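502 is the number of the first residue of the sequence shown in our numbering; add one for each residue after it.
Here the structure comes first, spelled out in structure tokens, and everything after it is commentary.
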Amino acid sequence: MHVAPDPHPSGARPPAIPAQFVPRHVAVVMDGNGRWANERGLPRNEGHKAGEKSLVDVVAGAIEMGIPYVSAYAFSTENWKRSMDEVSFIMRFTTEVLTRQLETLQAWGVRVLWAGRKPKLWNSVIKQLQYCEEQTKNNTVCTLVMCVNYGGRAEIADATARIAAEVAAGKLKPSSISEKTIEKYLYNPEVPDVDLFLRSSGELRTSNFLLWESAYAELVFLDVLWPDVDRRTLWDAVEVYARRDRRYGGAVDKISSHSSHQQ
Ligand code: IPE
Ligand code: IPE
Ligand code: MG
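Here it is as structure tokens:
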């Protein structure tokens, strides 16, 4: 049995949005921790610490809205460029957050998945991610994909290498490779495409997050630093998302009856 998350302390409730306009999969770029800390005269790692509660609250908000998949960008394949001090802090901190929050996620019925590459990633982090996956594998309320040592290009390259191995082994014909084939070899093939791609901190780029899966995602960029994000930020983004006209390349006439160009 699972329990519902406590409501937000402000008393805010999720906006009433018709089910067909609620995204199935929200991808979140948790950006702005360093700036948040530096603005306060603190070292960057204090910003990472302050971001833990934001992630937990966003997951609570996703559950309250009935969003079944949330992907959280925690560490990218490019983040190894940072100082040794910051990288090792994030490695330890990621393990600690997963350890600290497992009980809450379990109580809420959240299934944890990991998306990312093993090489270079600390063993302690891999072990804790795999432990969380194992412990939560039967949960069905919401899936939280922790993207750690994740890169969109790395994911596509890894899929390509596995497909090439199948071809070399004579199990797959090159002429039968389709988009569906590539999807099958992504890190978590059961996770659907991204509907809403949300980035905090005002940066207008994807930074290599879920490239394949976000091909038709609606992009929403909010000018709030990650430690200041809570479930209401997610709900604001979903309201923006719900007003978007998703066409997927299709088109239909919607001729205005007030048009001055009518004959
Ligand atoms: C996001 O915040 C967290 C990680 C990338 C791990 P940043 O650390 O990128 O913070 P800013 O963008 O420098 O403010
Ligand atoms: C993206 O943010 C990665 C994560 C949030 C984990 P970055 O801060 O690393 O991206 P850039 O450097 O602004 O592109
Ligand atoms: Mg950043």
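Note that the Cβ used here is the ideal one computed from N, Cα and C, for glycine as well.
Model, not experiment: these values are computed from the prediction.
Beta-carbon proximity list for residue i, same chain, < 8 Å, skipping 5 on both sides
i      : result
Thr641 : Gly610, Arg612
Arg747 : Tyr717, Glu719
Asp696 : Pro524, Arg525, His526, Val527, Ala718, Glu719, Tyr742
Lys674 : Val668
Cβ neighbours of residue i in the same chain (closer than 6 Å, five flanking residues each side left out)
i      : result
Leu705 : Phe722
Leu720 : Phe698
Ile683 : Ala660
Straight-line Cα distance separating residue j from residue i
i      : j      : result
Cys648 : Val529 : 10 Å
Asp694 : His759 : 38 Å
Gln629 : Thr644 : 17 Å
Ser702 : Ile664 : 37 Å
Ser679 : Asn689 : 17 Å
Gly617 : Phe710 : 11 Å
Ser708 : Ser676 : 32 Å
Pro569 : Thr578 : 26 Å
Met531 : Ala666 : 35 Å
Gly542 : Gly548 : 11 Å
Lys685 : Glu714 : 12 Å
Trp537 : Arg700 : 15 Å
Asp729 : Lys582 : 25 Å
Gly535 : Ile591 : 12 Å
Val692 : Ser584 : 33 Å
Of the residues the options, the one placed nearest residue i, counting alpha carbons only
i      : options                        : result
Thr595 : Tyr570, Gly562, Gln631, Val571 : Gln631
Ala743 : Asp586, Gln521, Ile591         : Gln521
Val626 : Tyr574, Leu599, Glu656, Ala752 : Leu599
Ala551 : Asp507, Asn539, Ala561         : Asn539
Leu736 : Gly533, Gly567, Arg541, Arg601 : Note that residue 736 is Trp in the sequence shown here, rather than Leu. Checked all of Gly533, Gly567, Arg541, Arg601; the closest Cα to Trp736 is Gly567.
Gly533 : Val560, Glu553, Ala608         : Glu553
Pro519 : Glu656, Asn580, Ser757, Glu740 : Glu740
Pro620 : His549, Glu604, Gly652, Asp586 : Gly652
Thr734 : His549, Ala563, Cys633         : Ala563
Gly512 : Ala573, Glu565, Arg536         : Glu565
Val504 : Cys633, Thr605, Val692         : Thr605
Leu614 : Met502, Pro516, Ser555, Val571 : Val571
Pro510 : Val753, Tyr749, Asn624, Arg732 : Arg732
Pro506 : Pro516, Gly535, Val559         : Val559
Ser773 : Gln636, Ala752, Leu726         : Because the chain here runs from 502 to 764, residue 773 falls outside it and cannot be looked at.
Any chain C beta carbon closer than 8 Å to residue i
i      : result
Val598 : Judged by its chain identifiers, the structure shown contains no chain C, having just a single protein chain.
Residues near residue i by beta carbon distance below 7 Å, same chain, minus five either side
i      : result
Leu712 : Gly653, Arg654, Ile657
Ala669 : none
Gln602 : Val557
Glu587 : Arg545, Asn546
Ala738 : Leu697, Leu699, Val721, Leu723
Self-check item: Ordered list of beta strand (DSSP E) runs contained in the stretch 546-621, each at least 3 residues
Solution: 570-577, 611-616
Quiz item: Near ligand 1, which residues have their beta-carbon less than 5 Å from any of its heavy atoms, given in chain order?
Solution: Asp532, Gly533, Asn534, Gly535, Arg536
Practice problem: Output the residue ranges of the alpha helix (DSSP H) runs that lie fully inside the stretch 621-708 and measure 4 residues or longer, sorted by chain position. | Solution: 624-636, 653-669, 680-685
Self-check item: Length-filtered (4 minimum) alpha helix (DSSP H) runs lying within the stretch 719-764
Solution: With a minimum length of 4 residues, the continuous alpha helix (DSSP H) runs that stay inside the stretch 719-764 are 732-744.
Quiz item: Going along the chain, which unbroken runs of the alpha helix (DSSP H) with 4 or more residues stay wholly within the stretch 506-546?
Solution: 534-540
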